[in-house]
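Chemist: The opening residue of the sequence shown carries number 442 in my numbering; numbering runs sequentially from there.
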Amino acid sequence: GFDIVFIDGLHLHEQSRKDFYNSEMHLNPGGYIIFHDTNPPTKHHASDVQVPGDWNGSVYKTIMELRSESNNLEILTVDTDWGVKIVKKGQQQKVNINKSDYNCEFFDMNRKEILNLISVEEFNYWLNKL
442 GFDIVFIDGL HLHEQSRKDF YNSEMHLNPG GYIIFHDTNP PTKHHASDVQ
492 VPGDWNGSVY KTIMELRSES NNLEILTVDT DWGVKIVKKG QQQKVNINKS
542 DYNCEFFDMN RKEILNLISV EEFNYWLNKL
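#1: Taking the DSSP output, what are the residues bridged to Val500?
#2: Just checking my contact of Gly472 with Lys529 at CB under 8 Å: how many whole Å lie between their CB atoms?
#3: Within a Cβ cutoff of 6 Å, which residues of the same chain sit near Thr479, ignoring the five residues on either side of it in sequence?
#4: Would you call the CB atoms of Phe447 and Ile475 closer than 7 Å?
#5: For Lys529, name the three-state secondary structure that DSSP assigns.
#6: Counting beta carbon pairs with one atom in the segment 533-546 and one in the segment 508-517, are three or more of them shorter than 8 Å?
#7: Name the DSSP beta bridge partners of Glu515, please?
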């Protein structure tokens, strides 16, 4: 098994979703899954099609799915480098999101709650509590 898995691959919802569930099956107890590119700053960055320049893709939709469908995970996003999402087994209240709302507009209006967005300083505090 693995203690840490870092997902920063194809940048698409379906692929990052598969990467998560495949990683979760092999995660050691107390392990972490880390996603990159989970906080796209604009609709351009969040495109399902690769665009020139900086591109985050639709990884954010995977986070929307995990936050709305799973309450046995602790999920937070450090507000740095396009969003660094940390996932571990734990307890967290689900966010009410319909699948029809898995889009950039809904995400942008509810970004802080969906991502459980924290600053680098808050992350350091969280990390020191472990």
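No residue lacks a Cβ here, since even glycine has one placed at the ideal position from N, Cα and C.
Modeler: Let's see:
#1: DSSP, once it has assigned bridges, lists no residue as partnering Val500.
#2: Confirmed, Cβ separation roughly 7 Å.
#3: Around Thr479: Val500, Tyr501, Ile504, Thr518, Gly524, Lys526.
#4: A contact, by the Cβ cut-off of 7 Å.
#5: DSSP places Lys529 in the strand class (E or B) of the three-state scheme.
#6: The segment 508-517 vs the segment 533-546: in contact.
#7: Note: Glu515 sits in a beta bridge opposite Lys529.
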